[in-house]
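Novice:
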Amino acid sequence: MSVARRAWLVVGAALAAAIVLAAAYVRVDRDFSAFLPRGGDPVQRFVARELRDSAAARVVLIRLGGADRATLAAASTALEAALSADPRFVAVNNGSLASGLRDLPAMRSARYLVDPDAASRMTPDGLAASLARDLDALQGSEGVLVRRWLTDDPTGETLAMLDSLRASSRVRRESGVWFDAQGEGAMLVAATAAPASDPAAQRDAMAAIDAAFARVRGASPVAIAYSGAAILAAESETAIADDVARVSALGTLGVVAILWFAYRSARVVLLCAVPAVCGVIAGVAATAAGFGSVHAITLAFGTTLLGEAVDYPSYLLTAYAPGSTWPSVRDSVRLPYVLAVLTTAAGALAFLASEIDGLVEVGVLTAVGIAAAGAIAWWFVPRGVADDWRFRAPVPSRAPVGSSRSFSRVSRAAVLLLPTLILLALARGHPFFADDLARMNPVPAATIAKDRALRAASGAPEVGRFVLVRAADTEAALEAAERTARALADARAAHEIDGFDSVTRWLPSAATQRARRAALPDPAALAANLERATRDTPFRAEAFAPFLHDVEAARTGPLLTPASYAGTGIGLTLGALLGRDASGAWTMLPLSGVHDADALAARIARVGGDVRYVDLRAATTTLFEGVRKRTLAAIGAGLVVVLAILAVGLRSPMAALFAMLPAVLGATWSALVVVAFGNGLSVFHLIALLLVVGIGVNYALFVRAAPSPRHAVRTLAVVGATTATAFAMMATSTLAVLRALGVTVLAGTLATLFICAVAFAGSAARRRR
Amino acid sequence: MRLRTRIALIAGTALVATSPLAADAGFALGDLCATRAAVAGGNARFRETRTVAALKSPLERSGTLVYRRPDHLEMDVEAPRAEHLVIDGGRLTVDGARGRREIALADEPALLASTESLRATLAGDCASLQRFFTATLAGAAGDWTLALVPRDPSLAALVTRVDIAGREAMVRQVTITDANGDVTRMDIEPMASSPR
Numbered sequence: 000m001s002v003a004r005r006a007w008l009v010v011g012a013a014l015a016a017a018i019v020l021a022a023a024y025v026r027v028d029r030d031f032s033a034f035l036p037r038g039g040d041p042v043q044r045f046v047a048r049e050l051r052d053s054a055a056a057r058v059v060l061i062r063l064g065g066a067d068r069a070t071l072a073a074a075s076t077a078l079e080a081a082l083s084a085d086p087r088f089v090a091v092n093n094g095s096l097a098s099g100l101r102d103l104p105a106m107r108s109a110r111y112l113v114d115p116d117a118a119s120r121m122t123p124d125g126l127a128a129s130l131a132r133d134l135d136a137l138q139g140s141e142g143v144l145v146r147r148w149l150t151d152d153p154t155g156e157t158l159a160m161l162d163s164l165r166a167s168s169r170v171r172r173e174s175g176v177w178f179d180a181q182g183e184g185a186m187l188v189a190a191t192a193a194p195a196s197d198p199a200a201q202r203d204a205m206a207a208i209d210a211a212f213a214r215v216r217g218a219s220p221v222a223i224a225y226s227g228a229a230i231l232a233a234e235s236e237t238a239i240a241d242d243v244a245r246v247s248a249l250g251t252l253g254v255v256a257i258l259w260f261a262y263r264s265a266r267v268v269l270l271c272a273v274p275a276v277c278g279v280i281a282g283v284a285a286t287a288a289g290f291g292s293v294h295a296i297t298l299a300f301g302t303t304l305l306g307e308a309v310d311y312p313s314y315l316l317t318a319y320a321p322g323s324t325w326p327s328v329r330d331s332v333r334l335p336y337v338l339a340v341l342t343t344a345a346g347a348l349a350f351l352a353s354e355i356d357g358l359v360e361v362g363v364l365t366a367v368g369i370a371a372a373g374a375i376a377w378w379f380v381p382r383g384v385a386d387d388w389r390f391r392a393p394v395p396s397r398a399p400v401g402s403s404r405s406f407s408r409v410s411r412a413a414v415l416l417l418p419t420l421i422l423l424a425l426a427r428g429h430p431f432f433a434d435d436l437a438r439m440n441p442v443p444a445a446t447i448a449k450d451r452a453l454r455a456a457s458g459a460p461e462v463g464r465f466v467l468v469r470a471a472d473t474e475a476a477l478e479a480a481e482r483t484a485r486a487l488a489d490a491r492a493a494h495e496i497d498g499f500d501s502v503t504r505w506l507p508s509a510a511t512q513r514a515r516r517a518a519l520p521d522p523a524a525l526a527a528n529l530e531r532a533t534r535d536t537p538f539r540a541e542a543f544a545p546f547l548h549d550v551e552a553a554r555t556g557p558l559l560t561p562a563s564y565a566g567t568g569i570g571l572t573l574g575a576l577l578g579r580d581a582s583g584a585w586t587m588l589p590l591s592g593v594h595d596a597d598a599l600a601a602r603i604a605r606v607g608g609d610v611r612y613v614d615l616r617a618a619t620t621t622l623f624e625g626v627r628k629r630t631l632a633a634i635g636a637g638l639v640v641v642l643a644i645l646a647v648g649l650r651s652p653m654a655a656l657f658a659m660l661p662a663v664l665g666a667t668w669s670a671l672v673v674v675a676f677g678n679g680l681s682v683f684h685l686i687a688l689l690l691v692v693g694i695g696v697n698y699a700l701f702v703r704a705a706p707s708p709r710h711a712v713r714t715l716a717v718v719g720a721t722t723a724t725a726f727a728m729m730a731t732s733t734l735a736v737l738r739a740l741g742v743t744v745l746a747g748t749l750a751t752l753f754i755c756a757v758a759f760a761g762s763a764a765r766r767r768r
Numbered sequence: 000m001r002l003r004t005r006i007a008l009i010a011g012t013a014l015v016a017t018s019p020l021a022a023d024a025g026f027a028l029g030d031l032c033a034t035r036a037a038v039a040g041g042n043a044r045f046r047e048t049r050t051v052a053a054l055k056s057p058l059e060r061s062g063t064l065v066y067r068r069p070d071h072l073e074m075d076v077e078a079p080r081a082e083h084l085v086i087d088g089g090r091l092t093v094d095g096a097r098g099r100r101e102i103a104l105a106d107e108p109a110l111l112a113s114t115e116s117l118r119a120t121l122a123g124d125c126a127s128l129q130r131f132f133t134a135t136l137a138g139a140a141g142d143w144t145l146a147l148v149p150r151d152p153s154l155a156a157l158v159t160r161v162d163i164a165g166r167e168a169m170v171r172q173v174t175i176t177d178a179n180g181d182v183t184r185m186d187i188e189p190m191a192s193s194p195r
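Residue numbers (numbering that gives the first Met the number 0), protein chains in the order written: chain A, 0 to 768; chain B, 0 to 195.
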């Protein structure tokens with residue numbers, strides 16, 4: 000068995016084992032909070048968690064359209080029934096009576112604890128006033144409503160609660176179910192029983208809706224559209240996976256084609272993939288060992304940065320000339336090769352200082368992956384190549400730019416300076432950085448548009464502005480929310496806001512509930528009050544025994560808890576607006592129509608405790624600004640490390656600067672292109688720019704060390720073409736993140752190649768002189 | 000005692016067997032609907048007696064009714080206080096002491112049961128009757144009673160049954176029995192009826 004064959008077998012077996020181990024043991028984490036600065040602002044933490052997983056994220060909005068109202072109403076009722084019977088959904092509501100009645104028992108049990116005025120209506124005068132109103136209603140046509148709850152609720156608490164719920168609902172009703180404002184689509188709302196963070200369960204829920212709708216629809220023309228934060232995430236994950244698969248397939252195909260054109264050997268093409276694949280596996284394994292799991296974003300960034308490793312075999316292979324031996328090839332590229340691997344690995348390690356867990360992971364994955372890929376290519380590629388292999392591809396022997404002698408130092412400087420100035424002029428006035436969450440959203444644009452349309456149709460509030468109350472436990476949070484609600488009522492009176500909502504409307508603090516209970520009369524007192532109130536009226540006092548019973552039940556029964564509303568629409572709201580986390584409990588008071596944010600913030604600050612006004616959009620922007628700043632600092636530190644390594648390796652700070660110049664200039668051009676023609680630089684662009692620098696430094700190192708212009712051109716042609724192809728494919732992605740990475744690296748690589756060619760022309764000219 | 004009961008039963012059976020009711024046993028729900036469907040509209044006076052458990056005495060209302068095919072129903076209450084109700088399709092508009100209010104009937108099952116039972120009977124809309132109720136017709140064309148029991152559990156939780164009595168194409172009495180035992184009885188006296 001030849002050395003080459005044995006090496007193949009060993010590497011093949013090791014790869015297979017590593018892939019099996021990785022698949023079995025590496026946990027991919029989707030928790031976005033790993034990408035937040037450590038010990039960040041509690042509001043930022045809250046916002047990040049809200050982005051990822053909350054009860055609100057489990058809510059699914061459904062719209063049925065495409066038919067007349069009667070057909071839609073019937074379809075809505077049938078779908079409501081089907082989903083209500085499905086254990087995968089809770090609190091299904093289409094606005095119909097049946098779904099409304101499901102909430103009624105819970106609401107009615109709560110009635111004497113949620114109304115601040117309940118006790119005052121039980122005095123003789125209060126009862127007399129209520130009964131007079133009841134009698135009036137009984138004589139009219141709406142008596143039917145009053146009659147229903149007359150004997151157990153003569154003070155009209157149930158009707159008041161129903162009115163309050165209806166008033167806060169912004170959808171209209173047609174044919175007995177919810178319709179959108181235009182009356183063209185029937186609206187339903189449901190929540191998945193599974194948590195939002197379980198994409199498999201969310202996909203299952205989507206399938207359940209599709210199946211239920213298929214049965215409901217029959218042969219009718221009714222069409223369905225549905226959306227929800229968790230379902231959206233699950234859906235986009237599928238879309239992302241599809242797009243990533245397409246982009247990688249195209250990229251791989253392009254790279255393989257170029258490598259085949261260059262090397263004319265299937266074995267050599269395969270050989271080129273081995274170091275990169277091994278690098279990914281080693282990096283993932285190291286990250287998983289160090290952090291317990293690998294974040295999905297880390298994986299994406301890390302493998303992108305490892306894209307550089309595909310070039311390593313080419314640096315060796317393109318240096319292999321007829322008549323040369325592998326030891327001599329290695330000797331000729333040893334310095335640039337070692338520096339290329341070292342600079343990238345060390346640059347990535349700068350992320351360790353970022354204090355952002357996710358970026359630390361990216362650093363470890365990249366550093367370990369690059370080192371492993373570099374080592375494997377160095378030892379394995381020469382052994383894997385067949386002994387009779389020769390570089391045969393027709394590559395131009397002379398650099399196209401270097402052929403002209405007329406390129407003076409001045410003109411070269413002009414060639415490099417002019418595009419920089421033009422791009423600077425074009426980028427002027429454009430925002431340099433993009434910290435807007437919407438622009439970084441990995442969810443496909445069409446899906447976002449659908450979600451927005453559904454939200455608008457349903458009148459579901461965009462939870463953009465709210466007051467966040469945090470406290471040690473739920474009771475303390477509810478007490479603080481009650482104080483906040485009083486301040487917000489004042490703010491509403493002062494026209495600082497149009498309105499607000501608070502969970503304490505349905506779930507008062509235990510202290511408030513106890514106070515309200517204590518104010519309720521005991522059965523003997525209430526009976527005496529009723530006796531007095533019904534005297535000289537057509538009412539029979541003894542008919543109100545159910546009322547006495549219910550008041551006594553409220554007075555002596557258990558206090559309300561979130562569990563009191565389990566499975567109801569109110570329960571859904573409570574779940575979205577009230578929660579617990581590691582540091583205690585929180586509740587959100589959504590605001591509508593904020594007119595004077597400053598006055599409101601000042602008023603809220605006076606409430607005391609951990610109560611603050613949050614503008615979600617501003618908060619997320621600040622959050623991403625923080626992430627971007629730290630990423631930028633980490634990249635800056637990485638560049639310094641790279642410069643130091645180059646200075647030591649090349650034994651000259653000036654040489655180090657010159658080696659970095661094309662890459663840094665290329666990255667600058669690329670960044671300016673993004674600023675001028677895109678939406679500004681996001682974290683994703685910054686990571687891409689680091690890759691541009693990593694690749695560009697390698698180009699400069701190998702051009703500098705190339706034994707002849709022919710060698711340099713050959714090397715750059717192969718590695719430049721593969722990188723450009725792979726990232727050009729990525730630039731065709733429909734996903735904003737992948738497009739950002741693709742465009743930035745493509746532009747940066749092409750710019751760096753051009754700059755290297757210009758610089759190379761200079762060095763070639765110098766050598767000829 | 001037992002013997003007397005048996006005798007009474009036999010006598011009763013004999014009486015029923017020989018009465019014109021039994022002879023007209025062919026009068027079915029479809030016949031009633033066909034009869035009503037031929038009526039374009041009509042005006043009537045009504046008197047309503049509502050027995051409410053919590054009240055010492057029943058509540059009474061009276062006024063006029065106007066019906067136009069297929070789903071327009073007006074109720075003009077004159078006593079004890081003026082109120083005007085219009086049911087048009089699925090909407091109920093109430094003009095009363097507290098101003099105007101619009102209610103979607105589908106939102107109010109109690110109202111739906113009381114209004115749809117009457118409207119569908121007046122319109123001869125058998126499909127709607129049978130959608131909301133289990134309908135049982137008894138008697139002959141000259142003296143029929145229609146028993147309507149809500150199908151939907153949320154409706155049945157509020158209204159136990161609606162009984163409608165009539166003669167030929169005329170609806171004479173509507174009795175609504177609430178789940179809590181309250182009974183509303185409306186006697187209708189036609190003033191003019193326009194054939195189709």
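Note that beta-carbon positions come from the ideal geometry of N, C-alpha and C, so glycine has one too.
Report the rounded CA-to-CA distance for G637 of chain A versus I694 of chain A, giving the unit in angstroms.
Specialist: One C-alpha to the other measures close to 14 Å.
Novice: For the alpha helix (DSSP H) that contains V363 of chain A, what are its first and last residues?
Specialist: Per DSSP, V363 of chain A belongs to the alpha helix (DSSP H) from 356 to 383.
Novice: Taking only the alpha-carbon atoms, compute the straight-line gap between L147 of chain B and T183 of chain B and give it to the nearest angstrom.
Specialist: Between L147 of chain B and T183 of chain B, the C-alpha separation is close to 15 Å.
Novice: Exposed or buried, which one is T135 of chain B when buried takes at least 16 other CB atoms within 10 Å?
Specialist: It is exposed - the Cβ of T135 of chain B has fewer than 16 other Cβ atoms within 10 Å.
Novice: Going by DSSP in three states, S591 of chain A sits in which element: helix, strand or coil?
Specialist: Three-state result, S591 of chain A: strand.
Novice: Give a yes or no on whether 9 Å exceeds the smallest Cβ distance from R44 of chain B to chain A.
Specialist: No, no contact with chain A.
Novice: Among A:W177, A:L715, A:F379, A:V712, whose alpha-carbon lies nearest the alpha-carbon of E79 of chain A?
Specialist: Closest by alpha carbon: A:W177.
Novice: For my contact list, A106 of chain A and I569 of chain A are in at a C-beta cut-off of 8 Å; report their separation, rounded to the angstrom.
Specialist: Rather than Ala, the amino acid found at residue 106 of chain A in this sequence is Met. Sure, about 7 Å apart at Cβ, within 8 Å.
Novice: Who are the near neighbours of V161 of chain B in its chain, counting only those whose CB is closer than 6 Å to its CB and skipping five residues on each side?
Specialist: Cβ within range, chain order: S116, L147, I175.
Novice: Can you pull the chain A neighbours of M56 of chain B, defined as C-beta to C-beta under 9 Å?
Specialist: The residue asked about is misnamed: residue 56 of chain B is Ser in this sequence, not Met. Those within 9 Å of S56 of chain B in chain A are P537.
Novice: The ligand COA and Y111 of chain A: does any heavy atom of the ligand fall closer than 8 Å to the residue's C-beta?
Specialist: Ligands are entirely absent from the displayed structure, and the ligand COA is therefore not among its contents.
Novice: Just to make sure I have the definition right: I need the residues of chain B whose C-beta is within less than 8 Å of the C-beta of G568 of chain A. Which are they?
Specialist: Chain B residues near G568 of chain A: none, gap ~15 Å exceeds 8 Å.
Novice: Flag R534 of chain A as yes if its beta-carbon sits less than 9 Å from any beta-carbon of chain B, otherwise no.
Specialist: Answer no: the Cβ-Cβ gap between R534 of chain A and chain B never drops below 9 Å.
Novice: My guess is that A675 of chain A and A352 of chain A are in contact by the Cβ rule of under 8 Å, so how many angstroms apart are they, rounded?
Specialist: Their Cβ separation, rounded to whole angstroms, is 31 Å, which puts A675 of chain A and A352 of chain A out of contact at 8 Å.
Novice: So with CB distances below 7 Å, who are the chain A contacts of L157 of chain B?
Specialist: The contacting residues are R147.
Novice: Could you check what DSSP says for L506 of chain A in three-state terms: helix, strand or coil?
Specialist: In this structure, L506 of chain A counts as coil in the three-state DSSP scheme.
Novice: Taking only runs of the beta strand (DSSP E) that begin and end inside the stretch 554 to 606 of chain A, which ones reach a length of at least 3 residues, in chain order?
Specialist: Within the stretch 554 to 606 of chain A, the complete beta strand (DSSP E) runs of at least 3 residues are 577 to 580, 583 to 593.
Novice: Which stretch, first to last residue, makes up the beta strand (DSSP E) that contains E495 of chain A?
Specialist: No beta strand (DSSP E) holds E495 of chain A; DSSP gives it neither H nor E.
Novice: Does the pairing of the stretch 537 to 548 of chain A with the stretch 59 to 75 of chain A give three or more beta-carbon distances under 8 Å?
Specialist: Because the criterion of three Cβ pairs below 8 Å is not met, the stretch 537 to 548 of chain A and the stretch 59 to 75 of chain A do not touch.
Novice: Does the distance from the CB of A211 of chain A to the CB of L82 of chain A come in under 9 Å?
Specialist: Yes, they are a contact pair.
Novice: Tell me the residue span of the beta strand (DSSP E) that contains V328 of chain A.
Specialist: Premise fails: V328 of chain A lies in the alpha helix (DSSP H), 325 to 348, not in any beta strand (DSSP E).
Novice: Thinking C-alpha only, which one of A:E236, A:L112, A:L631, A:T722 is nearest L252 of chain A?
Specialist: For L252 of chain A, the nearest C-alpha among the options comes from A:T722.
Novice: Could I get the ranges of all uninterrupted alpha helix (DSSP H) runs contained in the stretch 272 to 318 of chain A, with 4 residues as the minimum, in chain order?
Specialist: Segments of the alpha helix (DSSP H) lying fully in the stretch 272 to 318 of chain A: 295 to 304, 310 to 316.
Novice: Any idea what DSSP makes of V550 of chain A, helix, strand or coil?
Specialist: Helix at V550 of chain A.
Novice: Roughly how far, in whole angstroms, is the beta-carbon of R68 of chain A from the beta-carbon of E234 of chain A, given that I think they are within contact range, below 8 Å?
Specialist: Not really, about 29 Å apart at Cβ, beyond 8 Å.
Novice: Considering only residues of the same chain and omitting the five flanking positions on each side of A90 of chain B, which have a CB-CB separation below 8 Å?
Specialist: Sequence check: residue 90 of chain B is Arg here, not Ala. Hits under 8 Å: E101, I102, A103, L104.
Novice: For A426 of chain A, which residues of its own chain have a beta-carbon under 7 Å away from its beta-carbon, when the five flanking residues on both sides are left out?
Specialist: Once the five neighbours on either side are set aside, the close Cβ partners of A426 of chain A are L671, V674, A675.
Novice: What are the uninterrupted segments assigned as beta strand (DSSP E) that are 3 or more residues long and contained completely in the stretch 51 to 91 of chain B, given in chain order?
Specialist: If we require 3 residues or more, the beta strand (DSSP E) runs fully inside the stretch 51 to 91 of chain B come out as 58 to 67, 71 to 78, 82 to 87.
Novice: By the three-class DSSP mapping on this structure, what secondary structure does G401 of chain A have?
Specialist: Caution applies to G401 of chain A, whose pLDDT of 45 falls short of 50 and renders its modelled position unreliable; the value that the coordinates give is listed next. Here G401 of chain A sits in coil by DSSP.
Novice: Identify, in the order they occur along the chain, each residue of the same chain with its Cβ nearer than 7 Å to the Cβ of A16 of chain B, setting aside the five sequence neighbours on each side.
Specialist: Summary for A16 of chain B: the model assigns pLDDT 37, below 50, so the residue's position carries little reliability; its value from the coordinates is reported in the next sentence. Nothing meets the Cβ criterion.
Novice: Who are E188 of chain B's beta bridge partners in DSSP?
Specialist: In DSSP, E188 of chain B forms a bridge with B:R44.
Novice: Between the Cα of R464 of chain A and the Cα atoms of A:D450, A:D497, A:L559, which residue gives the shortest distance?
Specialist: Comparing Cα positions, the closest option is A:D497.
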